[in-house]
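Here the structure is laid out as structure tokens; the discussion comes afterwards.
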DNA sequence: CTGAAAGCGCTAACAT
DNA sequence: ATGTTAGCGCTTTCAG
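Residue numbers (UniProt numbering), protein chains in the order written: chain A, 1 to 339; chain B, 1 to 339.
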């Protein structure tokens, strides 16, 4: 026992314990833990580090957050993290945020406005430094976000709601690429499976689909609404099949719907793409391993996450509101008719 | 202007502002916000609530956490939230935790031990009240978890590591159900696609597969290792196909592998289940919408999450360490040969 | 039923 | 280079 009798403190170890053990002041402990704002002599630093290690000291993030007014945490609200597109997005956000030392609190809204608002409030109470809201409804009630005055960016939102930073994808251009590709395969009757959005804004994918058809001098194809889910797609697939003037190709507005449609097609004994071609939207991991593999309009998930994080807590913070519209990329696989 | 001149304070609104505005002490504000520990006269309470509403007051969770020593947050570490099984698990944990007023910080370990440890430390620093670790390696290095002395439960771990609460599934029994079902279809050469686990414990699914085969007087089938991913399954599928003594059925140890295997089979022009039957493990959403739909051994994700949350921060907290082994359920669809 | 005040662990001026 | 100390916003005991 060469050091003074400092037994492991009973409760959690605080910076005070470390200071006492190392024979320095608490400020010095802070300096070495945070690497500043003051320098400490190498010898002192070594002593402190030893003390930290020996005592098993871990800084208290709550105290730090209280003092700094920042929890170094961001909140993410997605409709359903079980949807591969959103789980990939959440993953990308986590990575991008972690890069900057931020943690991520993830919540699901289930696509319900009420839950979304509740989550926003909850996140705000937790003092997150910002929230990413991926609302599946096109006209989310942004009142709470606005009211809570916590920095936020809208993810996956093609509209450009005033007063908000948003990052999204050019839905219309993406839809155009998909439909043009289908037209290139000789299809003239192309259906659209679209979501059940509750807002009053038109979905860019619908606009793109329709315009492309008309620009090509083709008749408007049939359009069916269903939730952005596998079962939703399954339902819609069966309804397409039952149509008198059944389309020969379907543009599905997300991968989940497409996968449901594929099931309906298979069950009916149809061959994809020969009897019915399918192109979808999102480019989630699932699209690559469906049968046949889906030709899909991929969203740049990582880029979206990075842009969003950058705008919220990175260098972009504080800059003027921006609406980033990122480009999509058509990934050609087999469901469209390509070999 | 009937009330004294109290303008909206410049910075964030604190409990002090509310107290002043309502003409009460800060303690009273606390009492009404928390519903205790003291009673407040109805009239006073009304005044306080008004002040809260008008001022837009939101309690500071960091301060609360500092005072209380609890952040009312749990951490979750999964290998990859992009894997539907884990995204469902995370979702279920979020719900179960939210039920108790806890938030969830989600992190991905990428299946790397280093990242897992880093995440544990990070979570610990964030003062989470507990962490759920779903390690994909069977012998996770638990040193950090142990050292950090933060309550934790191992998810998805069939082993019963001493000193830890764990909740998992009876892998061996699940595998047995799968293999017996395949045997019931008349198969005698049943392969196993299993993960690349780095630990030294045997995977219960391997044990169950082998024992069931032997109990039935059947020869050991071929076994192939690959990552628990779609590409991993795809690889393994091709290797099964190239075998001299190719099995007529495959038991895949998770849905992702099975989906990859399905792709390999389709590409080779085989019919599933006629040319090759497949049964998998997990029962994730993906298994229902593959083609053909996968017969799979479903894990009770919600029950697992509830048991885990209960043990960590619910009524079960503080009880003796437990190892909950939950039962699986064979969901029969078409990939096994059933109609 | 209400209020005053101590302090949770930390950061960062401001001393020394 | 290091130490002292005033709070960050909240909860809660103890007094009124």
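Ideal Cβ positions, reconstructed from N, Cα and C, are used throughout, including at glycine.
- When the beta-carbon positions are compared, residue 82 (chain A) and residue 91 (chain B) come within less than 8 Å of each other.
- Taking C-beta atoms as the reference points, residue 123 (chain A) and residue 309 (chain A) fail to come closer than 8 Å.
- Counted as a single uninterrupted DSSP element, the alpha helix (DSSP H) harbouring residue 22 (chain A) occupies residues 15-22.
- With respect to the 8 Å criterion, residue 296 (chain B) and residue 255 (chain B) are classified as neighbours on the basis of their beta carbons.
- For residue 108 (chain A), the enclosing beta strand (DSSP E) begins and ends at 103-108.
- For residue 223 (chain A), the beta-bridge partners assigned by DSSP are A:192.
- In the structure shown, residue 150 (chain B) falls within a coil segment according to DSSP collapsed to helix, strand and coil.
- Taking C-alpha positions only, residue 177 (chain A) is separated from residue 202 (chain A) by approximately 18 Å.
- In the pairwise beta carbon analysis, the region 41-55 of chain B is classified as not touching the region 93-110 of chain B: fewer than three pairs are separated by under 8 Å.
- In the pairwise beta carbon analysis, the region 103-119 of chain B is classified as touching the region 100-109 of chain A: at least three pairs are separated by under 8 Å.
- Taking 8 Å as the cut-off, the Cβ atoms of residue 278 (chain B) and residue 89 (chain B) do not count as close.
- Pairing residue 195 (chain A) with residue 228 (chain A), the inter-Cα distance amounts to about 6 Å.
- DSSP places residue 329 (chain B) in the strand class (E or B) of the three-state scheme.
- Here the C-alpha atom of residue 273 (chain A) lies approximately 5 Å from the C-alpha atom of residue 335 (chain A).
- Listed in chain order, the beta strand (DSSP E) runs fully inside the region 44-98 of chain B are 73-78, counting runs of at least 3 residues.
- Taking 8 Å as the threshold, the shortest C-beta distance from residue 304 (chain A) to chain B does not fall below it.
- In the DSSP assignment, residue 133 (chain A) falls within the beta strand (DSSP E) that extends over 130-133.
- At a cut-off of 8 Å between beta carbons, residue 289 (chain B) contacts chain A.
- Around residue 126 (chain A), the beta-carbon contacts reaching into chain B at under 7 Å are 61 and 103.
- Boundaries of the beta strand (DSSP E) around residue 282 (chain B): 277-282.
- When Cβ pairs closer than 8 Å are counted between the two stretches, the region 323-338 of chain A is seen not to touch the region 9-23 of chain B, the count staying below three.
- Bounds of the beta strand (DSSP E) holding residue 166 (chain A) are 165-169.
- Residues of the same chain with a CB within less than 7 Å of the CB of residue 127 (chain B), apart from the 5 flanking positions on each side, are 65 and 71 in chain order.
- Straight through space, the alpha carbons of residue 280 (chain A) and residue 156 (chain A) are spaced by roughly 16 Å.
- With contact defined as three or more Cβ pairs closer than 8 Å, the region 317-331 of chain A and the region 162-182 of chain A are in contact.
- Shown here, residue 181 (chain B) sits in a helix according to DSSP, grouped into three states.
- For residue 251 (chain B), the enclosing beta strand (DSSP E) has its first and last residue at 249-252.
- Cβ proximity to chain B below 7 Å picks out 56, 58, 59, 60, 61, 62, 63, 65, 66 and 71 from the region 47-72 of chain A.
- The alpha carbon of residue 67 (chain A) has as its nearest neighbour, out of A:110, A:40, A:339 and A:30, the alpha carbon of A:30.
- With fewer than 16 other Cβ atoms inside 10 Å of its own Cβ, residue 215 (chain A) counts as exposed.
- Here DSSP, grouped into helix, strand and coil, assigns residue 295 (chain B) to strand.
- Taking 8 Å as the threshold, the shortest C-beta distance from residue 122 (chain B) to chain A falls below it.
- Interface flag for residue 39 (chain A) against chain B is unset, since no Cβ pair is found closer than 8 Å.
- Exposed is the label assigned to residue 245 (chain A), since fewer than 16 other Cβ atoms lie within 10 Å of its Cβ.
- DSSP places residue 324 (chain A) in the strand class (E or B) of the three-state scheme.
- Take residue 226 (chain A), set aside five residues on each side of it, and the residues of its chain with a beta-carbon closer than 6 Å to its own are 232, 235 and 236, in chain order.
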